[in-house]
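Novice: Residue numbers (UniProt numbering): 1 to 848. One structure follows; several queries about it will come next.
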Amino acid sequence: MSQSVAVVVQTHWDREWYYPHQTFLARLLQVMEQVVEQLDAGELTSFLFDGQVSAIDDFYTAAEPELAARVQDYVRQGKIVIGPWYIMADEFLCAGESLIRNLELGRTRADELGQCQNVGYLPDTFGHISQMPQILKGFGIDNAVAWRGIDHSESEMIWQAADGSEVFTVFLTEGYYQHPFNTDNWQRNLTTYLDKIATRSTGQRLLLTQGGDHLLTREGLQTRIQEFNQGQNTYQLEQQRLEDYVNELKGSSGQLGRLTGELRGNDNIFVLPDVLSTRQYLKQANQHIEDRLTGLIEPLLAIAPLARYPEHYLRQTWKLLIEQHAHDSICGCSVDEVHEEMQVRFKQLNQRLDALQKQAQLALGLSNNRMTKHREQGLSNPFADDSRFSLFNPSPKPVSGWQPLSLFLAGEEAQMLTITDNKGNTLPCTVISSEPTADFHSPIDDFPDQVSGIRYQVLLKADLDGLELKPLNVEADRQSVAGPTNTETTYFENAYYRIEPTQDGKLQFTDKQSQKRYDNWLSLTSELDAGDSYNFSPVDGVLRHSQITRVRQCRHWDNGLQQLVLEITLTQPASLNDDRQGAHDKTVDSQGQLCLTLLPDRQHIDVSLSWHNRAQDQRLRINLPLGERVAHSYADSAFDWVKRPKVYFDDAPVSGMQETPVAVNPSYSAIKAGRLGVMQRGLQEFELVGDEHGDTLAVTLLRSVGWLSRRDLSTRGQGAGPDLATPQAQCLGQYEFHFALLPGDPTPTKLLNQARQFRQPVAVLRGHSEHQAPQVQLHSPELQITSCRRVKDHLEVRLWNPQESEVKADFGTQSVTRTDLNGDPLPLSLVVQPKQIATFTLKLGANQ
Numbered sequence: 001m002s003q004s005v006a007v008v009v010q011t012h013w014d015r016e017w018y019y020p021h022q023t024f025l026a027r028l029l030q031v032m033e034q035v036v037e038q039l040d041a042g043e044l045t046s047f048l049f050d051g052q053v054s055a056i057d058d059f060y061t062a063a064e065p066e067l068a069a070r071v072q073d074y075v076r077q078g079k080i081v082i083g084p085w086y087i088m089a090d091e092f093l094c095a096g097e098s099l100i101r102n103l104e105l106g107r108t109r110a111d112e113l114g115q116c117q118n119v120g121y122l123p124d125t126f127g128h129i130s131q132m133p134q135i136l137k138g139f140g141i142d143n144a145v146a147w148r149g150i151d152h153s154e155s156e157m158i159w160q161a162a163d164g165s166e167v168f169t170v171f172l173t174e175g176y177y178q179h180p181f182n183t184d185n186w187q188r189n190l191t192t193y194l195d196k197i198a199t200r201s202t203g204q205r206l207l208l209t210q211g212g213d214h215l216l217t218r219e220g221l222q223t224r225i226q227e228f229n230q231g232q233n234t235y236q237l238e239q240q241r242l243e244d245y246v247n248e249l250k251g252s253s254g255q256l257g258r259l260t261g262e263l264r265g266n267d268n269i270f271v272l273p274d275v276l277s278t279r280q281y282l283k284q285a286n287q288h289i290e291d292r293l294t295g296l297i298e299p300l301l302a303i304a305p306l307a308r309y310p311e312h313y314l315r316q317t318w319k320l321l322i323e324q325h326a327h328d329s330i331c332g333c334s335v336d337e338v339h340e341e342m343q344v345r346f347k348q349l350n351q352r353l354d355a356l357q358k359q360a361q362l363a364l365g366l367s368n369n370r371m372t373k374h375r376e377q378g379l380s381n382p383f384a385d386d387s388r389f390s391l392f393n394p395s396p397k398p399v400s401g402w403q404p405l406s407l408f409l410a411g412e413e414a415q416m417l418t419i420t421d422n423k424g425n426t427l428p429c430t431v432i433s434s435e436p437t438a439d440f441h442s443p444i445d446d447f448p449d450q451v452s453g454i455r456y457q458v459l460l461k462a463d464l465d466g467l468e469l470k471p472l473n474v475e476a477d478r479q480s481v482a483g484p485t486n487t488e489t490t491y492f493e494n495a496y497y498r499i500e501p502t503q504d505g506k507l508q509f510t511d512k513q514s515q516k517r518y519d520n521w522l523s524l525t526s527e528l529d530a531g532d533s534y535n536f537s538p539v540d541g542v543l544r545h546s547q548i549t550r551v552r553q554c555r556h557w558d559n560g561l562q563q564l565v566l567e568i569t570l571t572q573p574a575s576l577n578d579d580r581q582g583a584h585d586k587t588v589d590s591q592g593q594l595c596l597t598l599l600p601d602r603q604h605i606d607v608s609l610s611w612h613n614r615a616q617d618q619r620l621r622i623n624l625p626l627g628e629r630v631a632h633s634y635a636d637s638a639f640d641w642v643k644r645p646k647v648y649f650d651d652a653p654v655s656g657m658q659e660t661p662v663a664v665n666p667s668y669s670a671i672k673a674g675r676l677g678v679m680q681r682g683l684q685e686f687e688l689v690g691d692e693h694g695d696t697l698a699v700t701l702l703r704s705v706g707w708l709s710r711r712d713l714s715t716r717g718q719g720a721g722p723d724l725a726t727p728q729a730q731c732l733g734q735y736e737f738h739f740a741l742l743p744g745d746p747t748p749t750k751l752l753n754q755a756r757q758f759r760q761p762v763a764v765l766r767g768h769s770e771h772q773a774p775q776v777q778l779h780s781p782e783l784q785i786t787s788c789r790r791v792k793d794h795l796e797v798r799l800w801n802p803q804e805s806e807v808k809a810d811f812g813t814q815s816v817t818r819t820d821l822n823g824d825p826l827p828l829s830l831v832v833q834p835k836q837i838a839t840f841t842l843k844l845g846a847n848q
């Protein structure tokens with residue numbers, strides 16, 4: 001009996017990669033014209049448009065009206081298949097909330113255009129997060145089709161998320177890029193392919209995904225299918241939609257194996273792990289936008305009494321951000337022109353967020369952008385400074401303690417600031433630094449102008465309830481003299497730590513709780529990298545260490561605030577030599593300023609590094625010795641706190657379709673190894689490195705490489721893309737890094753809560769508001785919030801449980817309902833199961 005084979009005609013459409021977006025868009029018009037012609041002629045019965053709606057949206061922006069109308073008709077008939085994603089995003093480099101909005105936008109847009117495919121199609125992402133099955137199930141998708149990251153003997157399986165959610169999964173054992181019908185010996189090549197996948201199939205049907213990256217569909221395909229069917233009896237081919245194939249296969253598969261959690265294995269195919277650190281500036285910019293959008297703008301819009309909610313503008317903002325998450329884009333593995341355009345789009349996103357914030361502040365009465373209303377109605381002056389400001393807690397969780405703020409005050413510099421609340425109570429306040437600047441304003445009804453003044457970096461002790469908007473006042477004292485004491489000592493310490501530079505240019509750290517001393521703590525190391533934008537490739541194994549060259553400042557304040565500023569230098573080869581087998585004879589000095597800050601009531605150490613990189617072909621990392629051997633590391637990923645076994649880097653060369661075993665790990669905002677916790681933004685790659693003293697946590701700052709792909713790496717046997725030069729990926733120039741260290745064996749709850757406050761702090765909003773913000777309080781510290789937004793007339797709060805035990809979502813006396821990720825109601829339960837994502841809605845008041 002012949003075995004049935006579904007032929008799914010498809011393309012995988014990277015909107016930008018080895019060509020920039022506009023070049024690929026022009027090519028897309030050619031591809032779609034041929035697709036329509038073949039559908040008209042009956043040569044194609046359907047066409048899978050890659051599972052991401054952005055491609056067809058892009059097409060509609062450029063297509064001639066007649067062609068666009070024909071495509072639209074086939075979409076409505078379900079013959080051109082779109083969705084469910086908006087973009088094929090990298091799953092590790094964007095927030096879990098961004099993945100949900102990606103799927104939300106993709107499904108909504110696909111339904112608007114015609115029909116949405118209900119398949120969790122993930123053909124080319126570089127590995128998969130542990131919670132993807134739960135995300136898919138939350139939108140009513142009970143299946144997945146995937147390739148990279150899966151190490152499994154059979155092509156059908158059950159994939160189980162960290163919370164236990166399950167989806168039937170089709171493993172593309174040979175990949176999605178299959179076009180045997182396009183080859184010279186097509187019948188032999190097709191038979192070879194089918195024989196290979198048949199050995200791993202548990203079902204009665206096989207799958208051929210006919211097509212590849214940016215390719216035209218095959219002319220005369222149906223004729224060749226008929227010719228092949230008539231020429232042999234082993235296989236019978238038939239064109240079919242992917243969703244129909246998956247649904248039939250679910251019913252015909254036998255006993256299925258099971259995979260659980262994160263999928264980053266590379267025994268089958270490359271997972272290209274070092275994209276986690278390629279062009280780090282993109283990761284940093286993306287996380288800044290994600291934090292600002294979900295951690296300030298959406299909560300602020302949710303409490304603002306807007307006459308007309310900017311739903312369309314906000315959706316377009318999300319669309320622009322999600323387009324940045326395409327895997328070849330955010331991973332940094334495209335040509336330089338692509339990433340230049342990405343930087344422009346990140347600037348545009350910041351501009352859009354500025355506009356949304358101003359809109360919310362106007363609606364709240366915090367600010368006023370019309371001089372006529374100031375003059376005639378006594379509203380606030382559009383040129384006002386921060387002498388009247390409000391602190392906004394963008395989280396439903398209460399916050400307390402010392403808050404770092406930035407305040408602008410008109411006039412000359414003050415030595416002291418006094419901050420009071422509306423009842424006249426003085427709040428503890430410390431000025432850390434100040435600098436002259438000017439604030440520019442442009443009223444909507446008058447001439448623009450700027451106000452000269454001083455920008456103060458301030459530490460303020462304040463307590464705020466969830467979503468509280470606290471009005472405060474500032475008075476500048478230009479007579480008194482107060483400030484930090486610049487001591488003659490070169491160390492600082494508190495009840496937990498002592499940190500001191502040594503005579504040989506290193507930093508010594510003493511953990512008073514564990515009584516351990518680390519003699520080369522927080523050092524920078526550089527090693528040569530002969531890799532490309534996808535993979536690190538070592539050269540000589542030599543680590544070059546930074547040296548402290550000067551203690552610039554050691555300052556102490558009366559309230560316990562302490563700050564140590566160090567100048568550091570790293571002497572390193574300028575680049576690889578000409579044959580890329582060793583170091584260039586020329587050396588360069590990369591230099592920077594390292595600032596460590598101890599806050600009065602915080603256990604963590606705030607670290608900022610301003611660094612000028614002058615070296616090419618290298619990997620730069622921060623090294624944090626753990627003082628012990630550890631078996632595992634932990635880090636947050638999308639909706640999960642992931643435990644990963646230690647894997648030391650294997651420097652044995654590989655060949656063919658091999659890739660060095662994955663040693664680097666992803667982190668979204670927090671890492672824990674041994675007794676050390678790390679909070680970061682944009683530093684998403686780390687590794688455990690061993691030596692004779694124990695293990696070290698190495699966090700990548702920069703990877704400097706000059707090629708999109710190469711074919712001479714010791715860590716990957718073949719190329720991963722075109723061999724194109726990418727000189728901007730060398731990442732030369734000035735960089736700013738910000739992270740925090742939390743020694744003392746912090747719990748996941750403590751580390752994740754502090755990481756959120758580190759990444760999404762309370763905000764300074766100019767002016768006061770008479771508006772009463774909704775009283776929303778979440779009194780469950782274990783639960784982690786990823787979203788707080790307005791959905792119609794409700795406040796939607798999404799959270800997840802990182803614990804291994806259930807946690808009750810305690811909203812106090814608030815009346816809540818529960819929904820799935822699609823917004824459909826669920827039976828009310830306040831209990832959030834281990835590793836579960838939960839979405840709750842709360843009714844907003846009439847004046848919200």
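All C-beta atoms in this analysis are idealised placements derived from N, C-alpha and C, irrespective of residue type, glycine included.
Assuming R9 and L221 are in contact, meaning their beta carbons sit under 8 angstroms apart, how far apart are those beta carbons, in whole angstroms?
Specialist: Before going on, a small fix: residue 9 reads as Val here, not Arg. Confirmed, Cβ separation roughly 7 angstroms.
Novice: Does DSSP put T813 in a helix, a strand or coil?
Specialist: coil
Novice: Would you mind listing the beta strand (DSSP E) stretches within the segment 122-146 that are 3+ residues and don't spill past its ends, in chain order?
Specialist: 143-146
Novice: In angstroms, rounded to a whole number, what distance separates the CA positions of K512 and G674?
Specialist: Cα to Cα, K512 sits roughly 16 angstroms from G674.
Novice: Return the chain-ordered ranges of every beta strand (DSSP E) run that is complete within the segment 626-658 and spans a minimum of 3 residues.
Specialist: 632-637, 640-645
Novice: Residues in the same chain with beta-carbon distance under 7 angstroms from P653, minus the five sequence neighbours each way, listed in chain order, please.
Specialist: S714
Novice: Assuming the contact rule is C-beta atoms closer than 8 angstroms, V431 and V474 should be a hit. Round their C-beta distance to whole Å, please.
Specialist: Actually they do not touch by this definition, with Cβ atoms about 11 angstroms apart.
Novice: According to the Cβ coordinates, are I150 and E262 closer than 8 angstroms?
Specialist: No. Outside cutoff.
Novice: Excluding the 5 residues flanking C116 on each side, which residues of the same chain have their C-beta closer than 6 angstroms to its C-beta?
Specialist: G83, P84, R107, A110
Novice: Looking at A773 and E468, is the spacing between their C-beta atoms short of 8 angstroms?
Specialist: yes
Novice: CA-CA distance, F139 and Y74?
Specialist: 25 angstroms
Novice: Could you work out which residue in K843, V71, F59 is closest to F47 when comparing CA atoms only?
Specialist: V71
Novice: Check whether the segment 277-288 touches the segment 300-309, counting contact only when three or more Cβ pairs, one atom from each stretch, lie closer than 8 angstroms.
Specialist: no
Novice: Grouping DSSP H, G and I as helix and E and B as strand, with all else coil, what is S704?
Specialist: strand
Novice: For Q160, which option in L259, A355, T700 has the closest C-alpha, if you only look at C-alpha atoms?
Specialist: L259
Novice: With a 10 Å radius around its C-beta and 16 neighbouring C-beta atoms as the bar for buried, classify R629 as buried or exposed.
Specialist: So R629 counts as exposed.
Novice: So A95 and A638 are in contact, right, with Cβ under 8 angstroms, and what is the actual spacing, rounded?
Specialist: 7 angstroms
Novice: I'd like to check one pair, R602 with W402: are the Cβ atoms closer than 8 angstroms?
Specialist: Note that the C-beta distance between W402 and R602 is below 8 angstroms.
Novice: Does the beta-carbon of K358 have 16 or more other beta-carbons within 10 angstroms, so that it is buried, or is it exposed?
Specialist: With fewer than 16 neighbouring CB atoms inside 10 Å of its own CB, K358 falls in the exposed class.
Novice: Do you know offhand how far D540's Cα is from P645's?
Specialist: Whole-angstrom Cα-Cα distance: 27 angstroms.
Novice: What is the residue span of the alpha helix (DSSP H) that K319 lies within?
Specialist: 311-324
Novice: Do the CB positions of S704 and Q684 come within less than 8 angstroms of each other?
Specialist: Not a contact, by the Cβ cut-off of 8 angstroms.
Novice: Terminal residues of the continuous beta strand (DSSP E) containing E475?
Specialist: 469-477
Novice: List the whole-angstrom C-beta distance separating D463 from S400, where the pair is believed to meet the contact cut-off of C-beta under 8 angstroms.
Specialist: 4 angstroms
Novice: Would you check if the segment 332-341 and the segment 736-753 touch, i.e. whether three or more CB-CB distances between them fall below 8 angstroms?
Specialist: Three or more beta-carbon pairs separated by less than 8 angstroms are not found between the segment 736-753 and the segment 332-341, which leaves the two stretches without contact.
Novice: Give, in chain order, every unbroken run of the beta strand (DSSP E) that is at least 3 residues long and sits entirely within the segment 193-249.
Specialist: 205-210, 235-239
Novice: Count the other C-beta atoms from every protein chain shown that fall within 10 angstroms of the C-beta of T700, then say buried if there are 16 or more, exposed otherwise.
Specialist: buried
Novice: Sort Q728, G254, T696, G694 by Cα distance to L708 and report the nearest one.
Specialist: Q728
Novice: Excluding the five sequence neighbours on either side, which residues of its own chain have a C-beta within less than 8 angstroms of the C-beta of S523, listed in chain order?
Specialist: K506, L507, H545, S546, I622, N623
Novice: Between S669, V167, H768, which has its C-alpha nearest F758's C-alpha?
Specialist: S669
Novice: Using only alpha-carbon positions, find the residue among L366, A360, F92 that is nearest to H768.
Specialist: The closest CA to that of H768, considering only L366, A360, F92, is found on L366.
Novice: Helix, strand or coil for Y496 per DSSP?
Specialist: In the structure shown, Y496 sits in coil (DSSP, three-state: anything other than H, G, I, E or B).
Novice: Just to confirm, is the Cβ distance from G51 to V119 under 8 angstroms?
Specialist: yes
Novice: Which residues bound the beta strand (DSSP E) around H794?
Specialist: 794-800
Novice: For the beta strand (DSSP E) containing H556, name the first residue and the last one.
Specialist: 547-556
Novice: Within 10 Å of its beta-carbon, does residue 894 have 16 or more other beta-carbons around it, so buried, or fewer, so exposed?
Specialist: The structure shown does not extend to residue 894, since the chain spans only 1 to 848, so no value can be given for it.
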